[in-house]
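S.K.: Protein chains in written order, with my numbering: chain A, 903 to 1386; chain B, 20 to 463.
We put the CB at the ideal spot given by N, CA and C, even for glycine.
Remember, it's a predicted structure, so these values are computed and weren't measured experimentally.
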Amino acid sequence: MNDITKLDNRLSIEKSAPGRRALKFKGRIKHGAAPVPETLRRKTAPRLPELSEFDAVRHFTRLSKINFSVDSHFYPLGSCTMKYNPRVNEDIAALDGFAGLHPLASDETAQGTLECLYDLQNRLCELCGMDAITLQPAAGAHSEFTGLLVARAYFARKGQKDRVEIIVPDSAHGTNPATASMLGFSPVNINSGPDGRVDLEVLKRHLGAKTAVVMLTVPNTLGIFESNIETITKMAHEAGALVYMDGANFNALIGLVKPGELGVDIMHLNMHKTFSTPHGGGGPGAGAIAVKKYLDSYLPVPVIKKEGGRFLADFNRPLTVGRVKAFFGNTGVLLKAYAYMLMHSSRELGEIAENAIINANYAKALLKDCFPAHSKEHCMHECVLTPGPEMTKQGIKTLDIAKRLLDYGFHAPTVYFPLIVHEAIMIEPTETETRETIDEFASAMKKISAEAASDPQKVKDAPHTMPVKRLDEVQAARQPNLRW
Amino acid sequence: MFIGNTKKDREEMLKIIGVNSFSDLVKQVPEKFLYPKFKLPADGMDEMQAAAAMRTLASKNKMLKSFVGAGAYARYIPAALKALLSRGEFLTAYTPYQAEASQGILQTIYEYQSSMAALYEMDYGNASMYDGASAFAEAVRAAVRITGRKKVLYSYGVNPQYIATLKTYFGGGEDYKFIQIPHKDGCLDLAGLEGLLDQETACVAAQSPNFFGLAEDFGKVSELAKAQGALFVAAADPVSLGLFRTPGAQGADFAVGEGQGLGLPLSYGGPYLGIFTCKKEYVRQMPGRISGLTKDKDGKRGFVLTLQAREQHIRRDKAASNICSNEALCALGATIYLALLGPEGLKELAQANYDAAHAAAERLCAIKGISLKFKGTFFNEFTLALPCDARKLRSRLIEKENIDPGLPLKDFYPELGDTLLVCATETTTEEDVSRLEKAVRESI
Ligand SMILES: Cc1ncc(COP(=O)(O)O)c(C=O)c1O
Chain A
903 MNDITKLDNR LSIEKSAPGR RALKFKGRIK HGAAPVPETL RRKTAPRLPE
953 LSEFDAVRHF TRLSKINFSV DSHFYPLGSC TMKYNPRVNE DIAALDGFAG
1003 LHPLASDETA QGTLECLYDL QNRLCELCGM DAITLQPAAG AHSEFTGLLV
1053 ARAYFARKGQ KDRVEIIVPD SAHGTNPATA SMLGFSPVNI NSGPDGRVDL
1103 EVLKRHLGAK TAVVMLTVPN TLGIFESNIE TITKMAHEAG ALVYMDGANF
1153 NALIGLVKPG ELGVDIMHLN MHKTFSTPHG GGGPGAGAIA VKKYLDSYLP
1203 VPVIKKEGGR FLADFNRPLT VGRVKAFFGN TGVLLKAYAY MLMHSSRELG
1253 EIAENAIINA NYAKALLKDC FPAHSKEHCM HECVLTPGPE MTKQGIKTLD
1303 IAKRLLDYGF HAPTVYFPLI VHEAIMIEPT ETETRETIDE FASAMKKISA
1353 EAASDPQKVK DAPHTMPVKR LDEVQAARQP NLRW
Chain B
20 MFIGNTKKDR EEMLKIIGVN SFSDLVKQVP EKFLYPKFKL PADGMDEMQA
70 AAAMRTLASK NKMLKSFVGA GAYARYIPAA LKALLSRGEF LTAYTPYQAE
120 ASQGILQTIY EYQSSMAALY EMDYGNASMY DGASAFAEAV RAAVRITGRK
170 KVLYSYGVNP QYIATLKTYF GGGEDYKFIQ IPHKDGCLDL AGLEGLLDQE
220 TACVAAQSPN FFGLAEDFGK VSELAKAQGA LFVAAADPVS LGLFRTPGAQ
270 GADFAVGEGQ GLGLPLSYGG PYLGIFTCKK EYVRQMPGRI SGLTKDKDGK
320 RGFVLTLQAR EQHIRRDKAA SNICSNEALC ALGATIYLAL LGPEGLKELA
370 QANYDAAHAA AERLCAIKGI SLKFKGTFFN EFTLALPCDA RKLRSRLIEK
420 ENIDPGLPLK DFYPELGDTL LVCATETTTE EDVSRLEKAV RESI
């Protein structure tokens, strides 16, 4: 890392020299077509870098090296599931037969891809205990959006358009309330009980004729299972509402619990988390929503079906909510998920959840003296800790700890989330990390805790070994500089 | 299969946690829900078996010479791009929440935003949307939010899948009005637009080159829109902008596009890349992530995620949009692609696409009974009027000749009759065109 920090930090445009070229396109077909009419022609060349291929390769390689990643660092970012994703997935999605297939290819020419998607749909339904599924959404938040659309269409059909409220616990991911209001629903925030779960009394008070959906994250963002979920779904159903489960964190439950049996009506999966697609610096992802039978007909088009031994993309769904994106879903990601499914029996899928849960509880146990957990219970696949009193006494904040961890060669956990925990540190080791890595991480955390007493300023000034020191976010927001 | 802990590790870890067995850890889950029965294969495949199974499936897709475009294009993907994108440091990172440890991604996002703003001649861009359709829908949402109006006018030639997505994005909300602007020869009819524009109009949404490949002249559109206090939302194919007038030069307030053509594979529809740009005054209305340049404590240049008060993780139900994961790796691909091309390369690429489509059109229109449906200047693709059933022609050529001649437009535009949208790109050869011409000639 150190050498890299000394190298130049110029932008590609600053390395540009007029006339330098990497790719040329000579054009495989020369044609004396009439030139583009003056009124339609571009007048000034875009300000793009002019580089040789070597310049470009070196530039982007350098950038890759000043970046933490799962391949290079332990990345215990809670709620993000930064696990190892098998490399064979990449080869598979890149196979010409898959990668070269046009999205408007006729069904007859797309049988291979359609078969994968069809089988993936079925396996996911079985895994979730749900009846129908769409693989259209492009990510988790996009799935929530699709799921709430389905709920709205369902109520509209029942003539219950006045169900306009979505109950969202305060422990929910930010996308949940954002989705609700994006669709014009009124999000109703309810406070969690002292144990971090939905408070049944509070829920009861808010449930009513206006409630469309109760939106639950399971396990929730405190890493806790909603133990009363059966009661919650019963209460919701009695009030005529539906229950939506944010299943982004499904690696805590995979092979262990079928959400359909808990009584949820709609749920989403983050295919890029649980089903192993690398996160690419913030995407691409892929989503899916699985629903119970009575919601099937509202799913977005197309849905992949099998008829007479042939697979087809079905658009003929009169009650559908419509299209949520152009073409089919993020198929490249879905193919990786399918390959991952092929490599796991249901028993092995269960081991994913078991190891995710063991690793999180192990991290929590190792750290309990210096970083007390928010909840005294065992956790699911992630735990929420807080800085111990010795650190707080020295004025050390969670942010300082996060930055100091970078110096020790670890990516920081998720910090200040969930919002309901003061100075939260949310750790998700995932199932793919080994005990040794968690040991090393815990030892770095303890060292930071000791440093708080011996040299608190060092922690407050961290990081010391990154390409840059702490960055001025206020200036960035006040005087936005967003392009060259 | 991808778990590091051994049985011994697990036993020791459970001991340190202070429990006797795994089941003690999941007491919070009511027992009756644990370990349900699954109707799933009892055996997982090993890597070699899985790879072989997937290869077999891939080979069930019929690889033929395809002339289908309609929003997704077979384009050449440079080797350097593939090599750089497969670097684990990019591939396996997350959203750059810890800026100091993520300068690589943050700088690439900044370079991406810069490249898109330069390409579209707009002020600012975000770090990507899911795809062109969702970018289009989000831009219209922003226009509706800004103007507080509920009527949206859209041109005939906007990709119908974008329009379908747009309508879904408004939740089937009956409060909103979506009205198609009349067309003249496939392009937006200004008189028709004028007749529809009023003080209720939130925006005029249009696309160029449009769904039929026609380059539109939007010179007056934004003036007309502005006179009524409406905004102009323009969609454009990024590759076309190597040759054609940009949304920015034509007064667009928001400009969006599908970035798949910038070095991403077709992959049956995704992952693609939604390009989203806007004028300066609307920067705080942009959805999604933005990387900004700033300084560190020592005054050194660095990058951070910025203007986060628009985003769901800060503002929750007050956010501009719910987008969280976007298409960062695809955006990086586009950034690298444009850096490899530069302004000259992009122009050449656009010219190559222009030439290929014109060559194909000329050859096909020489066949008796076939002509161009629309007269205008076209890029990448064109619409043929056929003397026979377009769907049948397509199936025949797919089955007999291993050629997919293009997309019959009947499903999208019944009023156009037997028309075929045919696309040629820089990957199309003279030979491909000859094969297509011969096959069509013999089959109609
Ligand atoms: C609980 C939860 N819900 C929803 C999301 C949103 O998913 P995505 O980023 O794929 O849109 C996430 C991921 O950040 C999450 O952790």
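Please name the residues in the segment 1224–1246 of chain A whose beta-carbon is closer than 7 Å to at least one beta-carbon of chain B, in chain order.
M.R.: GLY1224, ARG1225, VAL1226, LYS1227, ALA1228, PHE1229, PHE1230, GLY1231, ASN1232, THR1233, GLY1234, VAL1235, ALA1241, LEU1244, MET1245 and HIS1246
S.K.: Sort A:LYS1349, A:VAL1376 and A:THR1332 by Cα distance to B:ASN24 and report the nearest one.
M.R.: Within the second sequence, residue 24 of chain B is the residue found at index 5, counting from 1. When only C-alpha atoms are compared, the closest one is A:THR1332.
S.K.: In terms of alpha-carbon separation, which member of A:HIS1324, A:LEU997 and A:ARG1065 lies closest to A:LYS1276?
M.R.: One-based indexing of the first sequence puts residue 1276 of chain A at position 374. According to the sequence as given, residue 1276 of chain A is His; it is not Lys. With distances taken between Cα atoms, A:HIS1276 lies closest to A:HIS1324.
S.K.: Would you please state the rounded distance, in angstroms, between the beta carbons of A:LEU1268 and A:ASP1009? I believe it to be under 8 Å.
M.R.: Taking the first sequence and counting its residues from 1, one reaches residue 1268 of chain A at position 366. Taking the first sequence and counting its residues from 1, one reaches residue 1009 of chain A at position 107. Rounded, the Cβ-Cβ distance is 53 Å, inconsistent with contact.
S.K.: Check the Cβ of A:ASP1374 against every Cβ in chain B and list those closer than 9 Å, keeping chain order.
M.R.: Here residue 1374 of chain A refers to the residue found at position 472 of the first sequence. Simply THR313, LYS314, ASP315, LYS316, GLY321 and VAL323.
S.K.: Comparing C-alpha positions only, which one of B:GLY388, B:GLY282, B:ILE165 and B:LYS169 sits nearest to B:PRO406?
M.R.: Along the second sequence, one-based indexing puts residue 406 of chain B at 387. Closest option to B:PRO406, Cα to Cα, is B:GLY388.
S.K.: Counting only the same chain and skipping the five closest in sequence on each side, list residues whose C-beta sits under 6 Å from that of B:LEU138.
M.R.: In the second sequence, counting from the first residue as 1, residue 138 of chain B sits at position 119. Answer for B:LEU138: PRO257 and LEU260, listed in chain order.
S.K.: Report the option in B:GLY395, B:LEU439, B:PHE393 and B:GLY270 whose CA atom is closest to the CA atom of B:ALA409.
M.R.: Locating residue 409 of chain B in the second sequence gives position 390, counting from the first residue. Considering only alpha carbons, the answer is B:LEU439.
S.K.: Run down chain A in chain order and give the residues with a C-beta less than 8 Å from the C-beta of B:LEU426.
M.R.: By one-based count along the second sequence, residue 426 of chain B stands at place 407. Result: LEU1006.
S.K.: What span of residues does the alpha helix (DSSP H) with A:MET1169 cover, start to end?
M.R.: As a first step, residue 1169 of chain A must be located in the first sequence, where it is residue number 267. No alpha helix (DSSP H) contains A:MET1169, which is instead part of the beta strand (DSSP E) from 1168–1172.
S.K.: Give me, in chain order, the residues of the same chain whose beta-carbon lies closer than 6 Å to that of B:TYR92; leave out the 5 immediate sequence neighbours on both sides.
M.R.: Numbered from its first residue, the second sequence carries residue 92 of chain B at position 73. Cβ neighbours of B:TYR92 beyond the five flanking positions: GLY280 and THR444.
S.K.: Output the boundary residues of the alpha helix (DSSP H) element that contains A:ASN1257.
M.R.: What you label residue 1257 of chain A is simply residue 355 of the first sequence in a count that begins at 1. Counting along the chain, the alpha helix (DSSP H) containing A:ASN1257 begins and ends at 1248–1269.
S.K.: Quick check on A:GLU1325 - is its C-beta less than 9 Å from some C-beta in chain B?
M.R.: As a working mapping, residue 1325 of chain A is identified with position 423 in the first sequence. By this cut-off, A:GLU1325 is not an interface position.
S.K.: Any beta-carbon of chain B closer than 9 Å to the one on A:ILE1134?
M.R.: In the first sequence, the residue the question calls residue 1134 of chain A occupies position 232. So, not an interface residue.
S.K.: Taking Cβ-Cβ distances below 8 Å as the criterion, which residues of the segment 47–65 of chain B are in contact with chain A?
M.R.: GLN47, VAL48, PRO49, PHE52, LEU53, TYR54, PRO55, PHE57, LYS58, LEU59, PRO60, ALA61, ASP62, GLY63, MET64 and ASP65
S.K.: Suppose only complete runs of 3+ residues qualify. What are the beta strand (DSSP E) ranges in the segment 1324–1369 of chain A, listed by chain order?
M.R.: 1327–1329
S.K.: Is the segment 1075–1094 of chain A in contact with the segment 1041–1048 of chain A, if contact means three or more CB pairs nearer than 8 Å?
M.R.: yes
S.K.: Do the segment 976–986 of chain A and the segment 1170–1182 of chain A touch if we need at least three Cβ pairs shorter than 8 Å?
M.R.: yes
S.K.: For the putative contact between A:CYS1285 and A:SER1351, defined by C-beta atoms under 8 Å, what is the C-beta separation to the nearest angstrom?
M.R.: Working through the first sequence from its first residue, we reach residue 1285 of chain A at position 383. Working through the first sequence from its first residue, we reach residue 1351 of chain A at position 449. Their Cβ separation, rounded to whole angstroms, is 16 Å, which puts A:CYS1285 and A:SER1351 out of contact at 8 Å.
S.K.: Mind checking which residues open and close the beta strand (DSSP E) that includes B:CYS222?
M.R.: Start at 1 with the first residue of the second sequence, and residue 222 of chain B comes out as number 203. Residues 220–226.
S.K.: Could you tell me if A:LEU1287 is buried or exposed, where buried requires 16 or more neighbouring beta carbons within 10 angstroms of its beta carbon?
M.R.: Looking up residue 1287 of chain A in the first sequence gives position 385. Counting Cβ neighbours within 10 Å, A:LEU1287 comes out buried, since at least 16 surround it.
S.K.: Mind checking A:HIS1313: buried by the 16 CB within 10 Å criterion, or exposed?
M.R.: Mapped onto the first sequence, residue 1313 of chain A falls at position 411. Buried is the call here.
S.K.: When the Cα atoms are used, what is the spatial distance from A:ASN1218 to B:VAL171?
M.R.: For the purposes of this step, residue 1218 of chain A is taken as the residue at position 316 of the first sequence. For the purposes of this step, residue 171 of chain B is taken as the residue at position 152 of the second sequence. Using only the alpha carbons, I get a separation of about 27 Å.
S.K.: Could one say the Cβ of B:ILE198 lies closer than 9 Å to chain A's Cβ atoms, at least one of them?
M.R.: On the second sequence, position 179 is the one that residue 198 of chain B refers to. False, the Cβ-Cβ gap to chain A never drops below 9 Å.
S.K.: Using the beta-carbon of each residue, which ones in chain B are nearer than 7 Å to A:LYS1160?
M.R.: Looking up residue 1160 of chain A in the first sequence gives position 258. Ordered by position in chain B, the residues that pass the 7 Å Cβ test against A:LYS1160 are PRO55.
S.K.: Taking 7 Å as the limit between beta carbons, can you name the residues of its chain near B:GLY63, skipping five residues before and five after?
M.R.: Taking the second sequence and counting its residues from 1, the one referred to as residue 63 of chain B is at position 44. Taken in chain order, the residues that qualify are MET20.
S.K.: Return yes when the C-beta of A:HIS1075 is under 8 Å from any heavy atom of ligand 1, and no when it is not.
M.R.: Position 173 of the first sequence, counted from the start, is the residue given in the question as residue 1075 of chain A. Correct: A:HIS1075 has its Cβ closer than 8 Å to ligand 1.
S.K.: Got a sec: is the Cβ-Cβ distance from A:GLY1149 to anything in chain B below 9 Å?
M.R.: Your numbering for residue 1149 of chain A matches position 247 in the first sequence. Cβ-Cβ to chain B under 9 Å: no for A:GLY1149.
S.K.: Spatial neighbours of A:SER1248 within its chain, please: C-beta separation below 6 Å, excluding the five flanking residues on both sides.
M.R.: Reading the first sequence from its first residue, position 346 is the one you call residue 1248 of chain A. Only GLY1157 meet the Cβ criterion.
S.K.: Taking the alpha-carbon positions, what's the A:ALA1190 to B:THR265 distance?
M.R.: The count along the first sequence starts at 1 and reaches residue 1190 of chain A at position 288. The count along the second sequence starts at 1 and reaches residue 265 of chain B at position 246. Those two C-alpha atoms are separated by around 36 Å.
S.K.: Check whether chain A comes within 9 Å of B:PRO518, counting only Cβ atoms and requiring the distance to be less than that.
M.R.: Since the displayed chain B opens at 20 and closes at 463, residue 518 of chain B lies outside it and no answer follows.
S.K.: Residues of chain B with CB closer than 7 Å to the CB of A:THR1077, please, in chain order.
M.R.: In the first sequence, the residue the question calls residue 1077 of chain A occupies position 175. Under the 7 Å cutoff, chain B gives GLN331, ASN341 and CYS343.
S.K.: Is the shortest distance between the beta-carbon of B:ASP408 and the beta-carbons of chain A less than 9 Å?
M.R.: For the purposes of this step, residue 408 of chain B is identified with residue 389 of the second sequence, where counting begins at 1. Chain A contact via Cβ: absent.
S.K.: Would B:CYS349 count as contacting chain A if we go by Cβ distances under 9 Å?
M.R.: Stepping through the second sequence from its first residue, residue 349 of chain B is reached at position 330. By this cut-off, B:CYS349 is an interface position.
S.K.: Distance, Cα to Cα, B:SER310 vs B:LEU326?
M.R.: In the second sequence, the residue the question calls residue 310 of chain B occupies position 291. In the second sequence, the residue the question calls residue 326 of chain B occupies position 307. Distance between the alpha carbons of B:SER310 and B:LEU326 is about 9 Å.
S.K.: With DSSP run on the structure shown, which of helix, strand or coil describes B:ASP315?
M.R.: Counting from 1 along the second sequence, the entry for residue 315 of chain B is found at position 296. Strand.
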